[in-house]
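*Asks:* A single structure is presented below for examination.
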Amino acid sequence: MKLSLAIDRGNGSVKWMAHLEDGRNYLGKFASMIVQNRGKADPVVVDGVEWLYGAAVAKVGLGVAIRPSEAGAQGKVDHFPVVLAGILSELMARVSIGNDIEIENLSIVSPVCSPSLKATYEAAVKGRKIVIKGKQLKLRVKNVEVFPEASIVLKKSDADIVLDIGYGTVLGSVRGVDGYSSLLENGAEQLLTKVLNHPKFAAGIDAQGGKSMPVVELLALCLAKGETSLRGVDLLPLLADVVPSWFDENAIALLPKLRRIAREEGLSGNVLLIGGGSELLKLALGDRAGDWAFERGCILADSSDFASVQTLGELWDVKSPVSVGGR
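Numbering (this note's numbering), first residue to last: 8 to 334.
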């Protein structure tokens, strides 16, 4: 099977899009953490080493998980073949693509782009022995490309500014300003910490008698799986209480700088909000999220978390419907 694959390995979750040679397209997402397998079921195997990825890591323990945020920009590259194996495993769970796989285009978004980074990814996937469900893949990667995180979305958007609110970082980008992309502030991990520290959440845990306060990674994993309660505590009222003010103070407050750069370039100041943090805003405000953003001169992307990989798909001229899923 020939296919193209776009990957956004964020600090909070891995987003991917696969475009199959027969025209079918698939989107998926899983928590951005891996761990060497310790006798648990359903691992992926890379070069003879067993790994768990995504939600399955919790079977071993979140405290020993490997996350990209722990090693800065290098963390996005470290263990990339394991992430690739996880994506292929997720895809193979939804569609039959066989074990003879040729990736014609492997497109990766990164906060830093350079020819040397492209060479690093090429070396990372070359000659890897990947086993899924007990069967070794015959895997060939023809072409690897690396694209700038955040600003890549402007290639197919009507906006002139994009603000990508991720788990670990907030990235801002202005159209055409030499690929301008700037790290602006801490990301949504800070927001999730505020949710855990909310008095109502603490009271809910205390009422259960003896249960310890969950770590922020567990909350992130819960939300990434689409769950809106944690240990019996309803998260929606807490998100509604915390998220809008956090956005105003830590994301919207960063826009004057980006709008000033846009004006200097003769561009408009219209802003597209993307990233997992934007999905939290939708969750917190429900039907009011679009109006809330519009009042601040912003537009929320329809599928904020998948904006980068869907843009890469559009660059491949993919136009047919996408099947969405993930864990």
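All residues carry an ideal CB built from backbone N, CA and C; glycine is no exception.
Distance, Cα to Cα, V148 vs P155?
*Replies:* As a position in the sequence shown, residue 148 is number 141, starting the count at 1. As a position in the sequence shown, residue 155 is number 148, starting the count at 1. V148 and P155: Cα-Cα distance of roughly 21 Å.
*Asks:* Are the CB atoms of R45 and V67 within a distance shorter than 8 Å?
*Replies:* By one-based count along the sequence shown, residue 67 stands at place 60. By one-based count along the sequence shown, residue 45 stands at place 38. Yes. Within cutoff.
*Asks:* Mapping the DSSP letters down to three states, classify C305 as helix, strand or coil.
*Replies:* Within the sequence shown, numbered from 1, the residue matching residue 305 stands at position 298. Three-state DSSP puts C305 in a strand.
*Asks:* Between the beta-carbon of F208 and the beta-carbon of V240, is there less than 8 Å?
*Replies:* Walking along the sequence shown from the start, residue 208 turns up at place 201. Walking along the sequence shown from the start, residue 240 turns up at place 233. For F208 and V240, yes; Cβs fall inside 8 Å.
*Asks:* Between V177, A214, A63, L230, which has its C-alpha nearest L262's C-alpha?
*Replies:* Within the sequence shown, residue 262 is the residue found at index 255, counting from 1. The residue with the shortest Cα to Cα distance from L262 is V177.
*Asks:* What does the Cβ neighbour count give for E234, buried or exposed, with the cut at 16 atoms within 10 Å?
*Replies:* As a first step, residue 234 is located in the sequence shown; it is residue number 227 there, counting from the start. Exposed is the call here.
*Asks:* Buried or exposed: which applies to S252, given that a residue is buried once 16 or more other Cβ atoms fall within 10 Å of its Cβ?
*Replies:* Sequence index remark: in the sequence shown, residue 252 carries index 245 (1-based). S252 should be labelled exposed.
*Asks:* Would you kindly work out how many angstroms separate the C-alpha atoms of A231 and D49, rounded to a whole number?
*Replies:* In the sequence shown, the residue the question calls residue 231 occupies position 224. In the sequence shown, the residue the question calls residue 49 occupies position 42. Straight across, the Cα-Cα distance linking A231 with D49 is about 20 Å.
*Asks:* Which residues bound the beta strand (DSSP E) around S20?
*Replies:* One-based indexing of the sequence shown puts residue 20 at position 13. 20-27 is the span of the beta strand (DSSP E), which, as asked, contains S20.
*Asks:* Which residue marks the beginning of the alpha helix (DSSP H) containing S76, and which one marks its end?
*Replies:* Here residue 76 is taken as the residue at index 69 of the sequence shown, counted from 1. Careful: S76 lies outside any alpha helix (DSSP H) and carries neither H nor E.
*Asks:* Inspect the CB distances between the region 108-123 and the region 9-16 and report whether three or more fall short of 8 Å.
*Replies:* Taking 8 Å as the limit for Cβ pairs, the verdict is that the region 9-16 does touch the region 108-123.
*Asks:* Below 8 Å on the Cβ atoms is my contact criterion, and I expect P221 with L203 to pass it. Report the Cβ-Cβ distance as a whole number of Å.
*Replies:* For the purposes of this step, residue 221 is taken as the residue at position 214 of the sequence shown. For the purposes of this step, residue 203 is taken as the residue at position 196 of the sequence shown. P221 to L203, Cβ: 7 Å. Contact.
*Asks:* Smallest Cα separation from Q197: which of K218, A210, E224, G179?
*Replies:* Taking the first residue of the sequence shown as position 1, residue 197 is located at position 190. Here the closest residue by C-alpha is E224.
*Asks:* Measure the Cβ-Cβ separation of A72 and V42 and say whether it is below 8 Å.
*Replies:* By 1-based counting over the sequence shown, the position of residue 72 is 65. By 1-based counting over the sequence shown, the position of residue 42 is 35. Yes.
*Asks:* With the cut-off set at 8 Å, would you say G320 and M8 are in Cβ contact?
*Replies:* Along the sequence shown, read from residue 1 onward, the residue named residue 320 stands at position 313. Along the sequence shown, read from residue 1 onward, the residue named residue 8 stands at position 1. Between G320 and M8, the CB-CB gap reaches or exceeds 8 Å.
*Asks:* Taking its Cβ as the centre, do 16 or more other Cβ atoms sit within 10 Å of G284, making it buried, or is it exposed?
*Replies:* For the purposes of this step, residue 284 is taken as the residue at position 277 of the sequence shown. Around the C-beta of G284, 16 or more other C-beta atoms lie within 10 Å, and the residue is accordingly described as buried.
*Asks:* Quick check on the burial criterion: 16 or more other C-beta atoms within 10 angstroms. Buried or exposed for G19?
*Replies:* The residue labelled residue 19 in the question sits at position 12 within the sequence shown. Result: buried.
*Asks:* Report the CB separation of D269 from D167 in whole angstroms; it is logged as a contact under 8 Å.
*Replies:* The sequence position of residue 269 within the sequence shown is 262, counting from 1. The sequence position of residue 167 within the sequence shown is 160, counting from 1. The amino acid at residue 269 is misidentified as Asp; the sequence shows Ala. About 5 Å; that satisfies the 8 Å criterion.
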